[in-house]
Structures are given as structure tokens and as C-alpha cells.
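Report on the following structure.
Residue numbers (our numbering), protein chains in the order written: chain V, 98 to 694; chain C, 98 to 694.
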């Protein structure tokens, strides 16, 4: 593919929408400037193009196999991840004190997104390792950090998250894995973990598992869950590898997509003890995991957007080249066919993709930018406000892209028609890959309950109020541009409906009824946020058009403006039906008896 | 799976909603009665359960291979199709005069749907053979019918449709395959055909291709297209097989789903002449093909509903058995988890599937019932009215199930979570299989232009007006049941909006602008029809509840009533935004310049 990511759009977000300069001026990011960030993104694109992109189809067609007790993955995967590691991308977001490059989170997200777009299955290994290392950095002891962090930041060892079990996916309170105390601060892990991405393979020299388990005698439910570190190979005090830690590969899951990412069922203490060390304090495992999961949810949302982008760019290229049909007013069958991009319905499907993908990227990018603002904030109160704001945004930033960029992939297939349905083109792979994103790191319905059952209620609605204020600010800026009057008014109206609906649900004393339509609320909430992101982008584009833009630049900004218009006319009006339904506390689902199915 | 189709729902449609008795009382169907139809459906279920269902996963995992010039498909496929043929299902819908069983079309559709639900990839071979034979029956010469019909009705020879070419899928006007006249009424076919399902294999003794081609010197565009019959092996006057007809398999398409159905690129006259005979008159190929395509579109819509049903029943079974989580008001972590069917959001996803699948089945079933009414009508004017009505309904009956039962499959995966994403459960296969349905037999956008650009305009809107009158009738019946007052009022309002939107588009002089949002119109049009189908079903269910229903029957009718309520509260309100957009003749897509992407 000639263009597999849109660098221009990344730069637009970083420098024109979010103002990266604010971050780069802060002491925390003093080692970086606009040029170094640009060079880093160039490097990501070059490495991804050279090593990740060419083997995406290969890894999809040759999923991991269980051969003589080991996982077999095409050898190109290890080489590609080595190239990624050697270019420094495992260490990019970590603090200099931990051996990292301390780049802004928003730039790290965009760089990792480039790899995701090229080859999601491979990028997952790096993503999981970073999430694992981030948790270790935050809650590990000095000894744990010294032993495990450096090889992970160098990309020599990979990391996993061991949360789910065969009987407990969404319901972590019910995990059954035990951690029995041994002398010398060790624990013996007993049990099975399911859906472990990167759980066993030969792509790295060691695998560091972060495992949720219960110490016998602890309280029931989530309060009894602790977090443990268990490596595939034990690690000596000097960092050298010791013996195998008895974590047995019990089976591989054969997935619909993301096939290059090995996904395992693991059994602990098989044939011997699986030794683990406690991370932080007992009983706080889930709290620590949620720390990581906020980052992971953002990553999943962004990965969904990147899958969407891959499909969008593939179908865009196809639509420009494929000649077929004539425009409705041309009845001459001997006239030459037109590129299908000229058909209104193909434009609609391209616009639907552009609106979803670039809207979603703006939202996940904005969340990462807020994380950076939090990191550079001197004021504790400001950090708390940002935390509350991120708390409300995160479930949406995970979910909306997962739903709507999957829908974008559906459109990409449709544009290619029969060709899109074959494995000769990447669009069906993006569609299959993306289907996991509404499921993992907390399924859609779980995110919805997190948002409506918890986040909009916390601290008297602090995060929600802060969010509404941010949107009001964007509306105020939009009002200054007369071209955007319709969109500005529509966003204000959408925000009012969001507020009224939220109030109506929170006023109910019936928790089950109030949460019954949480998923629909989450989706409409997301539409309001994406509308905001589009108004914001269109405001910037309008100013740029007024100021100076010509040539390529003008086309880019015109595209932003018109895509904003598309979103406000074709997508945002859908919230009316949704908010009316949610606000009415409709019980059609809740009261449907299971015997009626 | 314990239940892979819902026989109760089929009987409900046939006997309680559509009144099959009207058909069975007609002379045309005198050989059938309620008991024989019931026995036929029993037989379909038994054969499908024994032969089709068990190898659905096998055929998906072992797609056709090109080995030494032949297509290799697991041998179980041939045996299963033999069992299907021996039970008489190839001949079911054909006239007795042609060697068929002359069963009502609606019953044939339901029977074929049972096979589709069990194994779409296999059912396709029978479906294509029937479509082919139906065209041959209608337009073939006595000699063509005598040679080819009997072995197809016996399921010994299969049929294909050769329309698309590599450069022309949606745009059939641009096909390039040539038919050069030879002596003795033969033609030599030259060219390539793409996406030919069942195009080459060893599952049958011969393959009868229906091929669109142009006779040199004819007019450009669709008027130059004629229809030809070309067998894989030439057929002697006595019906015996002659030499190979030089139709070369040039390649297999590797699809995302429906993998058991071999899909080919065929080259005609490779190494020798491909001899073909003309079907009907020259230049009428497309008209003949559309005759078949009406039936095929109905079949595709029904197949989409059946894929949806497969996912629905799988996820329903899973939701009843899988224990996880607790209800929102229960804060005791030591209490046992509940079956996930008790969670409101899981109920919502099941209801969304039920509403889409049973609504779609009602719509496709109703269309087939109208075909039967047309077949038994004595009055030519009545037949024309039914033809106009079917003309408007068919693009919707093809499209709505293809979109919304695919969405249903997405919900089925979501209910199973990580398990749903693996190939250990059939839900991801249904999702992949179903993704083809919005593409083949006329892609979604083509159906939309057929509906808004043609069908609602034909004969001064005759078909559209007839349809509106039918819906008004259903509203009038619904009004008699006080429980349905909200739904009755909502359907009337929806119909008014459909009428107003249609008028607004037809009033425009700008054809390109009028058609720019045809796909959104088609989708909302479908929502109105499905709303109608649900009100109709709920009216029947309400009467049954008043009259007598108890036990299992009561649960069934309660389910119908509550699913109707779900559709009217959660789905139908979506049309407001859609009709407002379409009625405003919005140009956001049409005027988006391709250089802005």
C-alpha cells in the first residue's frame, strides 16, 4: 500500500489541535523538541513499513502452532520485533530514571499506532510489554524493578497480563487462582489463566507475567485479589536467567483475527512450583491492574482507530483506481466508466470511515495529551481534576472506536465488493482483527457500567462537569467561525441532551433500571465526544483556511471541514433517539423474561 | 447445538401470520396439505441436522483447494448434498410438469432456510442450482429443458450464475465476454467470469453455467447482453455426457467466509471451444437474469436471516448456561454468579438478535408468500399488482437482513466474549459467512438505487402505494388491540414519514442529488417494513394470548409481544434522523471532492 498511515493527520493533531508545544516547554519533556518528535515518528513509520507491514498477511495466514511443547510463530516476527526494539520503541514512554526516553504520552501513542496500523498482531507484543512494565514501574519494589525493567525496556523480555480465567472473564471478582505464601517472600501460584496474549512463545528471551491471584484466607470478591509477578524463566539476583518456572502452556486459542498474537491458556505450578513475588500490597491487585488498564483501554481504543485507518486507506486507494459504473445523469453506456470514488455512495462510505477514524484518533490522542498535562502539572488539585476528566473519558475512548471503527472496516470491505471479501486484500483482515476490540480490556457492556454506574457519579459528578465545561469551551470557540454555526449549535444541543439524560438516570433510585441501557448511553455519549472532536478540528481547519492554506494544505483542511459537516449531519442526529430511550428509563430489555426467548 | 432452527417460529409464520391455508386450498397446491408441509419441514430439519450441521466447521476449516487441475473439497460435502437431493429438496419448488413437487414458494424458502442455517456453504450449491434451473424452466427451449432440467432437479447436476467479470461486478453493462455464433445454433464463448460460486468441483456429475455474454455487433451497454447456457461437460441429445467443454478453472478466490462454497475465476474456450446455446432471445440476457435475481435476492435476504438465527440460537444457549457476575443490586461477592442471560445488557443483545432475525424472516417469508399469491391468482391485474408490490419489497428484503442480521451476529460474538472470538464456537463463522450477503446478488448501494431510483417511481408509484395500503391495513388491525396502541401509532407515524420523504426525493429534479442518500433511505425503509412485520406478529400473538395460549404457547407469544415492543422502542425511532437527512436532500457526500480525502 502506498500510504499506510496518515502522518499529516498525526501532525495536525499534535501541533494544531492539541498544541504539543505546551508539553515540550515543560521540564519533564526538555529532552524533546518538535524536530525530535518528528524524527521519532519518521522512524516509527520507516521501521513499521520495512518490518511490520510486509508480514501482516503472513502472520494472519500462519497462526501460532503448538509443536513439541513450544509455540511456533514465523521467524520473521522475532526479527521485526527486534528491529522495533533496537529503534528504541519499547523504551519510548518510560522515564529517563528507569532507562526510558521519556517522550510525551501522546507522541508515544501516535508512534505505537503507526506500528498497530501496519501489523496489529505484532504491535500487541510491544503494547503488552509496555503496559506490564508500566505497572511494575509504578508498584514494584526496587529489587523487582532492577531485575525486570531493563530487559523489558530493551525489548529483550516481553510482558503479559494474566487476569481472566476460563470461568471468569468480565467478572474478575470470581477468579480462583491461588497464591500460597512460601518462605523468603515467595508465593506459589496455583490455577489457570485464560486469554493470555503473548502468554508463551520464543519471540523474546523471557516472559514476565503479571498475575491476579488470591492469597488463601483473604476476603471474598475483589478485596481478596493481589497482584503477582511470575516470570517464564526465573531470574537470578544478577539478572541472569534461571530454571523454567513451571508455567505450562495448556492450549492455544484459535481466534478469528489478531492471529499473529499468540493467545494461551496457562497452567501455573505444573510439575513443580511457579514462584511469584507480590507486587505492592496484598488485596490491591485490582486497583493496580486498573492503573494499567486505563492506559490499556486507551491503547485498545487507539488500536481500533488504527485498524479503522488501515481499512480506510486501503479502500480509499482502491476507490481511486477501480473504474466501474457511470454517474446517475449519464445514460450513455459507451462512455468510459468512472473511478468508483466518484459515486456518492462510495464517498459516503469513505466519509463514514474518515469521520470515525479521525474522530476516534482525536479522542484517544486527546486523552493521551491529558495524561501528559497531568504528568507536567505542578498542582495536585489540577492533577486530580485531570484524573476525574480522564476517568470519564477513558471508557468512551476505549469503546467508541472499538464499535465505530469496526463499522468503518465493514464499509471498507463493501467498497471493494467481492474483492474486499477475499484474503487478497487486507480489508477483511482489519475487520477480523478489529472485532476483538469491543471484547478485550473490558467488554463494551462493562465499560458502559463503568461510565454510567461509576464515573459520571464520582465526586459529585466532578469529571462529568469538567468534561461538559471543556465542550462548552469548544462551542464558544466554534461560535467565532460563522461557517460552523450549524455545527456549533448542534453540539451545544447535544451536550444539553447528554446532561439532561445523565440527570434523569442519576435521579432514579432503581440501580438495575438505571443501568439497563448503559451501553446505549455510552454509545451516544461517544457520539457527543466525537462531535466535539470534529468541531474542534473544523475550527482549527477554518482558521487555517482563512489564514493561509493553499495547495495540499487547503485540500487537507477542506477535507476536515467537510468531514465535520458529514459527522454532524449523518451521525450526530442519531443521539436523539438514543438519549430519549435512555432518559425514559425504558425497561423493555430488563423486564424481558429469559423464558420468553 | 440442541436447537439450530426455530421450527415453532416457522409454523407461526406459515399458519398464524400468513395463512398458508389460502395457498393450500388453491388448485396449484392441491397435492399438499398442512401435514405434508409439516412432514417436509421435519425432513429438512432431520437431513440438515444429520448431514449439513456436523460438517459446517469442517468445510470452513478446509476450504476448497486446487490440486492437479481439480477442486478438492472434503468428501463429506458430496455425501451431504446427495442426501439432500435424495430427500427431494432440489425438486421441491418446481412444477410437477417439470418433474418437481410444486410446493408453495414460502414453504420452499423455509425449508431451504433450514439447510442454510445448518450449513450455508453447502446450501449454496442447491440454492444456485434451483436459481439456474428456474431460469432455464422459464426461458429455455424445449430441447434445453429436456436435456438439463431433470438432472438438476434430481440434484445430480448443479448450476451456476456467471455474471461478474474481473473488471465488472456491479456494472454488468461493461461485461466483455463474447459469444461468437457458430453453425447449428451454437455459440463460442470467449472471456473470463469472476466470483463464480460453485464454478468448478467434483460434487456433481456436471455443472450447468448460465452465462451473460455479448454477441459481437450488438448494441453497447445492457441491451447487448444475452444469456447462454454452457455445461462443464457437453450433453448429448440423449442426455449422456460428452467431452469437456473447455471451461478452465483459472483460480480460486480465498474468502473470509462461506468457505465451503468454491468460488472461481473461469476462462471460457481455453484450449478449445466452449460451446454454448442461447437462452431465449438475443439482447434479453439481463432481463432474464433479473427474473432469477428477484428469487436470488429473496434467497440472499433469507440466508442472511438464517445466519443471524444461527448466531442468535448459539448465543442464547450460551447465555443460559454461562454463569458470570451478579445483578446490580447484589453487592455480596460470595453469592453465586448468575447465568449471564439475567444481565440486562445480555438480554438487550439477545433481543436485538431476535428482533432482527425474526423480523427479517417474516419479511422474506412474506415476499415468498406474495410470490405464491401471484402464482395462484387467476386475475392478470392482480398478478400485476403483486408484481409491483414485490418489486418494491425485494431490494429491501435482500438488504435489510444482510445488514441487520450481520449486526445480530456481531452481538452473538459479544455475548460469548473471548470465546465468541475463537473458532471453537460457531458464532464467528456465522459473522464471517454473513458478511458476503450485503455484497453479492447486487451490493447494498445497488439495491438502494433500484429502490429509490426505480421501484418507488414505477407505474406512478403503484407498488409503493400498494405497500403503504398494506401497512395501513396492519395498522388498522393493530388498533383493535389496546395493548398495541403505542406501536400502532408509531407505525402510522413511521409510514407517514416514509411517504413524505419519498415525495421529497421524487420532487427533486436533480437525479444525482436525489439518489445520493439512497442507501440511508433503503435502510430506514427497511426499518418501517420490519416494524410492520413486528406489529403484525404482535397482533397475532395478542389475539392468541387473549384466546387461549398457555404453557409453552404463552411464553412464545409473550416473547413475540415483548420483542415487538423492543423493536418499536429501540430500533424504529432511528428512522427519524435518517428520513430527516434523506428528505433534506443533503449533499455532504455528493459534494465532497475526492481530492479532500
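Backbone N, C-alpha and C fix where the C-beta goes; we use that ideal spot for every residue, glycine too.
Relative to the C-alpha of residue i, which candidate in the options has its C-alpha closest?
i                      : options                       : result
residue 593 of chain C : C:673, C:519, C:642 and C:615 : C:673
residue 272 of chain V : V:169, V:243 and V:317        : V:317
residue 153 of chain C : C:359, C:355, C:497 and C:223 : C:355
residue 605 of chain C : C:684, C:560, C:349 and C:221 : C:684
residue 419 of chain C : C:544, C:264, C:515 and C:401 : C:515
residue 274 of chain V : V:643, V:251 and V:313        : V:313
residue 450 of chain C : V:166, V:686, V:185 and V:110 : V:686
residue 369 of chain V : V:681, V:286, V:214 and V:410 : V:286
Which bits of chain C does residue i rub up against, with CB to CB less than 9 Å?
i                      : result
residue 353 of chain V : 510, 517, 518, 519, 520, 525, 526, 528 and 529
residue 471 of chain V : Ordered by position in chain C, no residue passes the 9 Å Cβ test against residue 471 of chain V, which lies about 31 Å from the chain.
Hey, is residue i's beta-carbon within less than 8 Å of any beta-carbon in chain C?
i                      : result
residue 618 of chain V : no
residue 292 of chain V : yes
residue 505 of chain V : no
residue 393 of chain V : no
residue 582 of chain V : no
residue 540 of chain V : yes
residue 438 of chain V : yes
residue 498 of chain V : no
residue 318 of chain V : yes
residue 267 of chain V : yes
residue 430 of chain V : yes
Could you list which residues in chain V have their beta carbon closer than 7 Å to that of residue i, in chain order?
i                      : result
residue 694 of chain C : 413, 447, 451 and 656
residue 350 of chain C : 519
List the residues of chain C that residue i touches, going by C-beta distances under 8 Å, in chain order.
i                      : result
residue 663 of chain V : 685, 686 and 689
residue 674 of chain V : 670, 671, 673 and 674
residue 106 of chain V : What residue 106 of chain V touches in chain C: nothing, since even the nearest Cβ is about 12 Å away.
residue 243 of chain V : Within 8 Å Cβ-Cβ: nothing; residue 243 of chain V doesn't reach chain C, min ~35 Å.
Who are the neighbours of residue i on chain V, taking C-beta pairs under 9 Å?
i                      : result
residue 677 of chain C : 670
Report the rounded CA-to-CA distance for residue i versus residue j, giving the unit in angstroms.
i                      : j                      : result
residue 147 of chain V : residue 293 of chain V : 28 Å
residue 496 of chain C : residue 567 of chain V : 41 Å
residue 583 of chain C : residue 191 of chain C : 43 Å
residue 114 of chain V : residue 634 of chain V : 7 Å
residue 283 of chain V : residue 331 of chain V : 12 Å
residue 524 of chain C : residue 412 of chain C : 8 Å
residue 193 of chain V : residue 199 of chain V : 6 Å
residue 425 of chain C : residue 607 of chain V : 10 Å
residue 520 of chain V : residue 591 of chain C : 41 Å
residue 542 of chain C : residue 265 of chain C : 15 Å
residue 703 of chain C : residue 289 of chain C : Not covered by the structure: residue 703 of chain C. The range shown for chain C is 98 to 694.
residue 586 of chain C : residue 406 of chain C : 29 Å
residue 589 of chain C : residue 668 of chain C : 15 Å
residue 666 of chain V : residue 647 of chain C : 49 Å
residue 645 of chain V : residue 555 of chain V : 45 Å
residue 311 of chain V : residue 327 of chain V : 14 Å
Return no unless some Cβ of chain V is closer than 8 Å to the Cβ of residue i.
i                      : result
residue 535 of chain C : yes
residue 426 of chain C : yes
residue 648 of chain C : no
residue 218 of chain C : no
residue 357 of chain C : no
Cβ closer than 8 Å: which chain V residues qualify as neighbours of residue i?
i                      : result
residue 444 of chain C : 686, 687, 689 and 691
residue 612 of chain C : 425 and 441
Bridge partners of residue i, per DSSP?
i                      : result
residue 285 of chain C : C:277 and C:372
residue 561 of chain C : DSSP output for residue 561 of chain C lists no bridge partner at all.
residue 167 of chain C : C:164
residue 346 of chain V : V:363
residue 307 of chain V : V:258 and V:326
residue 519 of chain V : C:352
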